[in-house]
Amino acid sequence: MTTRTRIALLVGLSLVVGACGGQAVSPAPTQAPSQTALPSATEAGDARLVLMTHDSFAVSDGILEAFEQEHGVDVEVLRGGDAGGVVNQAILTRDNPVADVLFGVDNTFLSRALDEEIFVPHEAAGLDSVPADLQLEAEHRVTPIDYGDVCLNYDRSAFEAPFDVAPPSALESLGGPPYNGKLVVENPATSSPGLAFMLATIVRFGESGDYTWIDYWRALRENVPGLVVTAGWEEAYYGSFSGGSGEGDRPIVVSYATSPVAEVIFADPQPERAPTAVIDDGCFRQIEFAGVLAGTESPELAGELIDFMLGDEFQADIPLSMFVFPANSTVELPDVFVEHAAQVSEPLTMDPAMIAENRERWLEEWTDAVLR
Amino acid sequence: MSAGWRSGPTPYSAERAASVARSQSPLARRGRLTLVLAALPLAFVALFFVFPLVSILLEGLAPDGVFDLGAFVATLTQPFVIETAWFTLWQAVISTLLTVVVALPGAYLFARYRFRGRRVLWALTIVPFVLPTVVVGAAFLALLGPRSPFGLRLEHTIWAILLAHVFYNYAVVLRIVGGFWAQLDPRLEAAARMLGASRWAAFRHVTLPLLRPAIASAASIVFLFTFTSFGVILLVGGPQYATLEVEIYRQTAQLLDLRAAATLALVQLAALCALLLLYARYQQSAAVRGRFLVGRWQGQPIRTISERLFVALNLLLVAAVLGLPLLVMVERSLANDDGYSLASYASLFDESARGALFVPPIEAIGNSLVFAAATATTCLILGSLAAAVIAYRRDWLAHSFDALLTLPLGTSAVIIGFGFLISLGSLPIDLRVSPVLIPIAHTLVALPFVIRATTPVMRSVDHRLREAAAVLGASPSRAWRLVDLPIVGRALLIGAGFAFAVLLGEFGATLFIVRPDTPTMPVAIFRLLGQPGSLAFGQAMAMATLLMLLTAAAVLVFDRVRTPGSAGL
């Protein structure tokens with residue numbers, strides 16, 4: 002299994018392909034419709050910029066077009082699954098990248114991405130408007146673009162008359178009555194909000210002392226009728242949560258500080274008050290970064306795109322496109338956002354290096370305590 | 003008269019017939035011809051499957067060019083790996099058996115009886131196949147979760163997983179076995195009955211031996227699917243269940259541990275290779291030349307009370323297993339606060355109320371159709387070539403070829419996606435970021451369906467018909483066109499229908515491929531479900547219902563296309 006084997010394999014394969022010559026290309030007619038759209042990040046001088054991102058990336062029509070017109074360049078958006086998958090793909094293609102800019106690496110994957118040296122530094126214009134606590138990396142290899150808080154959401158109707166129970170005010174109170182059997186969480190091993198919530202409990206309860214984070218999870222699990230764990234956010238929110246558009250029977254769910262905004266906007270007719278609300282204790286902050294990928298042939302243009310993403314136009318579009326807060330603090334938030342989103346004043350955070358170092362062990366301990 | 007017909011209902015007839023077939027098949031001698039036929043599918047699978055797969059496995063297992071056996075063994079012998087592998091295996095075996103048992107009566111029903119709505123129902127059975135697991139998971143939760151109308155609490159249990167696997171794979175068995183069955187001459191069984199065999203004995207000794215290759219063919223696909231099950235396990239099964247595929251995803255997307263992922267992928271591959279070789283051996287011994295209908299035969303009407311009962315029970319089963327989850331989805335797409343309306347559908351097409359979609363639905367539908375058509379065409383070309391080689395050659399080379407073409411179906415989608423990324427960059431044209439990659443990935447997944455639907459039929463065509471045509475002066479190509487095509491064409495279309503459906507449903511195959519922003523219907527559904535909001539949820543269900551209708555319509559069209567003189571459904 003040496004380089005030589007690999008070369009031999011390559012040669013062999015190219016022989017196979019070469020042997021059938023034109024034939025190998027013969028299904029071309031079926032592919033014709035898309036051939037005009039062949040983008041290439043690596044061919045110089047074709048004025049194309051490729052932005053690699055995760056599936057949750059969204060931007061309103063006309064925003065990226067403004068950048069394209071200003072710089073005479075086509076911006077191609079590539080999507081590659083969830084945030085972790087995208088980072089891993091960027092690492093794999095380090096030597097021959099498919100994109101110029103990567104957006105969507107968050108603080109839970111940041112350390113790994115930096116260690117693998119997939120980014121080159123770029124000090125973005127407009128960083129002055131970004132609060133210092135979002136700027137986790139001093140060498141400007143990545144630039145914070147947005148942030149969001151993973152918080153517990155609750156179903157308002159379950160905590161109003163005739164039920165006569167106050168919604169929980171802190172993480173601690175969930176471990177016992179009257180909140181037994183009311184919580185649904187996502188598996189931190191398969192879900193990004195699930196991971197954020199697990200990290201929040203680690204920050205809050207710690208790994209040592211009388212009552213550790215594992216004790217907390219044991220308490221959540223052992224209170225009858227117990228904890229519901231789902232693989233992803235969709236099943237937790239739509240399937241098990243009872244509030245808003247949820248169809249389940251659990252009134253508390255791990256979601257985002259901005260989820261009530263979406264409950265208002267994506268309802269017809271739009272309600273005055275969101276059917277769900279946020280518990281602003283025990284929220285974990287997720288910060289999303291963008292960076293210029295090492296190996297790009299247009300580092301300057303790539304840097305311009307990052308500047309643009311930190312600029313007013315793009316930043317102002319972030320709240321209602323991706324339902325997170327813009328990193329640029331001078332941007333005015335839409336009214337509906339201000340009214341229905343929770344602005345968490347003291348979110349829990351953790352050093353990315355510490356997350357990278359312990360992630361696997363914590364996941365293992367969590368799985369042992371909660372699922373096995 | 004075919005061998006299977008003449009030698010009667012002895013258990014040895016199959017073997018004898020196969021050996022006769024082997025020694026006489028004229029095309030078997032035309033080695034050079036089959037090599038030419040094989041070149042195109044072989045090149046395709048070498049370039050887009052073997053090359054990426056080997057690259058990513060090497061990258062994972064020997065990142066510095068040195069294979070670390072110690073680390074490999076250490077990963078393999080971890081208790082959770084052994085546990086996961088064992089669970090993966092047994093749930094796949096049980097899911098496969100269950101699907102075959104549940105779907106076989108259905109295959110008989112559709113193959114032999116004529117009843118109102120048969121064609122539409124036949125087309126509808128393929129619908130589950132295209133639905134994203136998020137949608138199916140939601141429907142299953144509604145039926146088996148805390149608000150179950152039947153008071154069943156099966157969510158997050160192995161029962162829910164098995165049910166979901168039957169739901170997804172029913173059509174595989176129904177269509178492959180039913181399609182084959184419909185073309186078997188019913189007079190074979192009738193003759194056995196006339197000679198005094200009971201209905202069961204006639205089935206057991208005449209029909210079953212003839213059906214076996216088709217059953218094995220369908221079962222092998224169901225096994226591959228359930229062995230690499232991902233979405234169903236995560237969404238329906240819940241967090242305490244993990245297949246190798248789920249673990250590979252976790253290692254690559256969450257822990258970024260490529261070595262562990264590659265090791266697990268290798269285990270998965272080894273298991274599937276073993277299965278496919280067994281399958282190939284079985285197919286070789288089980289091929290019996292049947293007697294096929296060439297004229298049109300529409301099935302018999304339902305007459306007796308027991309027939310009525312059989313049909314009713316069968317339709318009830320289909321309604322329960324396949325119909326209910328689909329019904330839940332349609333119900334959700336119509337429901338709103340004040341009852342039922344078409345509001346969700348209307349808002350899908352209303353630019354101002356586009357909601358969380360960010361994609362014009364027409365564009366998503368158009369993209370889906372273009373990609374599906376591209377995939378179906380590629381699959382038909384490559385699939386018919388490959389099936390011809392596999393059916394007519396019948397030696398170990400052909401079997402390995404068959405296994406190789408089937409492997410992509412059972413290979414981790416994450417691994418292939420990552421493999422594309424690190425290998426295809428070295429080609430003259432950088433395909434990694436091209437939309438062409440999407441039909442390519444889907445062709446890999448859909449090709450086995452075309453081959454599986456076609457080879458059993460091709461193999462069973464009585465070559466003496468072809469020889470008779472030759473004696474009467476037909477050229478080999480004309481003989482093939484007149485004799486084989488009418489019979490094989492039907493099977494090819496069944497396979498192409500699957501290929502079309504595989505693409506409409508995206509199937510998770512593109513989930514892990516970096517891809518340009520060409521939103522398809524499943525992508526739109528994912529995005530709609532990415533945010534809270536009752537409108538977004540309604541729109542997602544409406545989009546899923548449209549996907550269902552589109553699939554049913556497409557498959558109905560495929561089923562209507564008839565090759566001249568073809569029989570069957």
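In order, the protein sequence lines correspond to chains G and U.
Numbered per the working numbering, the first sequence spans residues 2 to 373.
Numbered per the working numbering, the second sequence spans residues 3 to 571.
Yeah, the Cβ is synthetic: ideal placement off N, Cα and C, and Gly gets one too.
All values reported here derive from a predicted model rather than from experimental measurement.
Item to check | Separation of leucine 143 of chain U from leucine 210 of chain U, as counted between CA atoms | outcome: To locate residue 210 of chain U, count along the second sequence from 1; it is residue 208. To locate residue 143 of chain U, count along the second sequence from 1; it is residue 141. Straight-line Cα distance between these residues: approximately 37 Å.
Next on the checklist: Run through the DSSP bridge pairs and tell me what asparagine 375 of chain G is partnered with.
Outcome noted: Outside the displayed span of chain G (2 to 373) sits residue 375 of chain G, for which this structure offers no information.
Checklist entry - Residues in its own chain within less than 7 Å of alanine 190 of chain G by CB, not counting five upstream and five downstream? => result Here the question's residue 190 of chain G lines up with position 189 in the first sequence. Result list for alanine 190 of chain G: Leu364, Thr368, in chain order.
Next on the checklist: Suppose contacts are defined by Cβ-Cβ distances below 9 Å. Is isoleucine 212 of chain U in contact with phenylalanine 373 of chain U by that definition?
Outcome noted: By 1-based counting over the second sequence, the position of residue 212 of chain U is 210. By 1-based counting over the second sequence, the position of residue 373 of chain U is 371. Strictly speaking, residue 212 of chain U in this sequence is leucine, with isoleucine absent from that position. Not in contact: leucine 212 of chain U and phenylalanine 373 of chain U (Cβ atoms no closer than 9 Å).
Item to check | Residue interval of the alpha helix (DSSP H) (run including phenylalanine 309 of chain G) | outcome: The count along the first sequence starts at 1 and reaches residue 309 of chain G at position 308. From DSSP, the alpha helix (DSSP H) with phenylalanine 309 of chain G extends over 300-310.
Item to check | Reduced DSSP category for glycine 421 of chain U - H, G, I as helix; E, B as strand; rest coil | outcome: Here residue 421 of chain U is taken as the residue at index 419 of the second sequence, counted from 1. Here glycine 421 of chain U sits in helix by DSSP.
Next on the checklist: Below 8 Å on the Cβ atoms is my contact criterion, and I expect valine 525 of chain U with alanine 366 of chain U to pass it. Report the Cβ-Cβ distance as a whole number of Å.
Outcome noted: What you label residue 525 of chain U is simply residue 523 of the second sequence in a count that begins at 1. What you label residue 366 of chain U is simply residue 364 of the second sequence in a count that begins at 1. Right, the Cβ-Cβ distance comes to about 7 Å (below 8 Å), so this counts as a contact.
Item to check | Beta-carbon proximity check, serine 219 of chain U vs proline 43 of chain U, cutoff 9 Å | outcome: Numbered from its first residue, the second sequence carries residue 219 of chain U at position 217. Numbered from its first residue, the second sequence carries residue 43 of chain U at position 41. Taking 9 Å as the Cβ cut-off, serine 219 of chain U and proline 43 of chain U do not qualify as a contacting pair.
Next on the checklist: My output table needs one value for methionine 543 of chain U: the three-state DSSP class, helix, strand or coil.
Outcome noted: Taking the second sequence and counting its residues from 1, one reaches residue 543 of chain U at position 541. Of the three classes helix, strand and coil, the one that applies to methionine 543 of chain U here is helix, per DSSP.
Next on the checklist: Here's the rule I'm using: 16 or more other beta-carbon atoms within 10 Å means buried, otherwise exposed. How should tyrosine 217 of chain G be labelled?
Outcome noted: For the purposes of this step, residue 217 of chain G is taken as residue 216 along the first sequence, with counting starting at 1. It counts as buried.
Item to check | Members of the stretch 394-411 of chain U that neighbour chain G once the beta carbon cut-off is set at 7 Å | outcome: none
Next on the checklist: Which residue marks the beginning of the beta strand (DSSP E) containing arginine 95 of chain G, and which one marks its end?
Outcome noted: Your numbering for residue 95 of chain G matches position 94 in the first sequence. Note, arginine 95 of chain G: premise wrong, no beta strand (DSSP E); not H, not E.
Checklist entry - From what residue to what residue does the beta strand (DSSP E) around valine 106 of chain G run? => result As a first step, residue 106 of chain G is located in the first sequence; it is residue number 105 there, counting from the start. Here the beta strand (DSSP E) through valine 106 of chain G covers 102-107.
Checklist entry - Does the Cβ-Cβ distance between glutamate 156 of chain G and serine 61 of chain G come in under 9 Å? => result The residue you call residue 156 of chain G lines up with position 155 of the first sequence. The residue you call residue 61 of chain G lines up with position 60 of the first sequence. A small correction: the amino acid at residue 156 of chain G is aspartate; glutamate does not occupy that position in the sequence shown. Contact flag unset, no.
Next on the checklist: By the DSSP assignment, the alpha helix (DSSP H) with methionine 523 of chain U in it spans what residues?
Outcome noted: Along the second sequence, one-based indexing puts residue 523 of chain U at 521. From DSSP, the alpha helix (DSSP H) with methionine 523 of chain U extends over 523-530.
Next on the checklist: Applying the 10 Å Cβ sphere with the 16-neighbour rule, what's the burial state of proline 54 of chain U?
Outcome noted: In the second sequence, the residue the question calls residue 54 of chain U occupies position 52. Buried, because 16 or more other Cβ atoms sit within 10 Å of the Cβ of proline 54 of chain U.
Checklist entry - From G/Thr350, G/Ala370, G/Arg362, G/Arg49, pick the residue whose C-alpha is nearest to that of arginine 205 of chain G; which is it? => result Numbered from 1 along the first sequence, position 204 holds the residue referred to as residue 205 of chain G. Closest option to arginine 205 of chain G, Cα to Cα, is G/Thr350.
Checklist entry - threonine 202 of chain G lies in the alpha helix (DSSP H); which residues open and close that run? => result Position 201 of the first sequence, counted from the first residue, corresponds to residue 202 of chain G. Per DSSP, threonine 202 of chain G belongs to the alpha helix (DSSP H) from 193-206.
Checklist entry - Which residues bound the beta strand (DSSP E) around valine 229 of chain G? => result To locate residue 229 of chain G, count along the first sequence from 1; it is residue 228. Counting along the chain, the beta strand (DSSP E) containing valine 229 of chain G begins and ends at 229-231.
Next on the checklist: The alpha helix (DSSP H) that contains arginine 461 of chain U, what's its start and end?
Outcome noted: Taking the first residue of the second sequence as 1, we reach residue 461 of chain U at position 459. From DSSP, the alpha helix (DSSP H) with arginine 461 of chain U extends over 439-462.
Checklist entry - Any Cβ of chain U within less than 9 Å of the Cβ of arginine 219 of chain G? => result Working through the first sequence from its first residue, we reach residue 219 of chain G at position 218. No, because no Cβ of chain U sits closer than 9 Å to the Cβ of arginine 219 of chain G.
Next on the checklist: If you measure between the beta carbons of phenylalanine 182 of chain U and alanine 493 of chain U, is that distance less than 9 Å?
Outcome noted: Mapped onto the second sequence, residue 182 of chain U falls at position 180. Mapped onto the second sequence, residue 493 of chain U falls at position 491. Yes, they are a contact pair.
Checklist entry - Comparing the C-beta of threonine 191 of chain G with each C-beta of chain U, is any distance below 9 Å? => result Position 190 of the first sequence, counting from 1, holds the residue named residue 191 of chain G. Yes, because at least one Cβ of chain U sits closer than 9 Å to the Cβ of threonine 191 of chain G.
Checklist entry - What number of angstroms, rounded off, separates the C-alpha of arginine 461 of chain U from the C-alpha of leucine 446 of chain U? => result If you number the second sequence from 1, residue 461 of chain U lands on position 459. If you number the second sequence from 1, residue 446 of chain U lands on position 444. Answer to the nearest angstrom: the Cα atoms are 23 Å apart.
Item to check | Local Cβ density within 10 Å of serine 25 of chain U, reported as buried at 16 or more and exposed below that | outcome: Indexing the second sequence from 1 puts residue 25 of chain U at position 23. Model confidence at serine 25 of chain U stands at a pLDDT of 43, short of 50, so the residue's coordinates are unreliable and nothing is read from them.
Checklist entry - Where do the ends of the beta strand (DSSP E) carrying arginine 80 of chain G lie? => result As a position in the first sequence, residue 80 of chain G is number 79, starting the count at 1. Counting along the chain, the beta strand (DSSP E) containing arginine 80 of chain G begins and ends at 75-80.
Checklist entry - Got a sec, what are the start and stop residues for the alpha helix (DSSP H) leucine 128 of chain G sits in? => result Start at 1 with the first residue of the first sequence, and residue 128 of chain G comes out as number 127. Per DSSP, leucine 128 of chain G belongs to no alpha helix (DSSP H) and is neither H nor E.
Item to check | Reduced DSSP category for phenylalanine 560 of chain U - H, G, I as helix; E, B as strand; rest coil | outcome: If you number the second sequence from 1, residue 560 of chain U lands on position 558. In this structure, phenylalanine 560 of chain U counts as helix in the three-state DSSP scheme.
Checklist entry - Where threonine 231 of chain G and alanine 114 of chain G are concerned, what is the direct C-alpha to C-alpha distance, given to the nearest angstrom? => result Looking up residue 231 of chain G in the first sequence gives position 230. Looking up residue 114 of chain G in the first sequence gives position 113. For threonine 231 of chain G and alanine 114 of chain G, the distance between alpha carbons rounds to 28 Å.
Item to check | threonine 127 of chain U - DSSP class collapsed to helix/strand/coil | outcome: Along the second sequence, read from residue 1 onward, the residue named residue 127 of chain U stands at position 125. Coil at threonine 127 of chain U, not helix or strand.
Checklist entry - Would you call the CB atoms of asparagine 329 of chain G and aspartate 318 of chain G closer than 9 Å? => result Against the first sequence, residue 329 of chain G aligns to sequence position 328. Against the first sequence, residue 318 of chain G aligns to sequence position 317. No, the pair does not count as a contact, with Cβ atoms beyond the cut-off.
Next on the checklist: Using beta carbons (cut-off 9 Å, strictly below), is isoleucine 92 of chain G in contact with chain U?
Outcome noted: Position 91 of the first sequence, counted from the start, is the residue given in the question as residue 92 of chain G. With 9 Å as the cut-off, isoleucine 92 of chain G counts as an interface residue toward chain U.
Checklist entry - leucine 50 of chain G CB to nearest chain U CB: under 9 Å? => result Looking up residue 50 of chain G in the first sequence gives position 49. No - not a single Cβ of chain U is within 9 Å of the one on leucine 50 of chain G.
Checklist entry - In terms of residues, what are the limits of the alpha helix (DSSP H) holding leucine 50 of chain G? => result As a working note, residue 50 of chain G is residue 49 in the first sequence. No alpha helix (DSSP H) holds leucine 50 of chain G; the beta strand (DSSP E) holding it covers 49-54.
Checklist entry - In the DSSP assignment, what are the bridge partners of proline 327 of chain G? => result Counted from its first residue, the first sequence places residue 327 of chain G at position 326. Proline 327 of chain G pairs with G/Asp147.
Item to check | Beta-carbon proximity check, valine 332 of chain U vs methionine 550 of chain U, cutoff 9 Å | outcome: Counting from one through the second sequence, the residue named residue 332 of chain U turns up at place 330. Counting from one through the second sequence, the residue named residue 550 of chain U turns up at place 548. Contact: yes.
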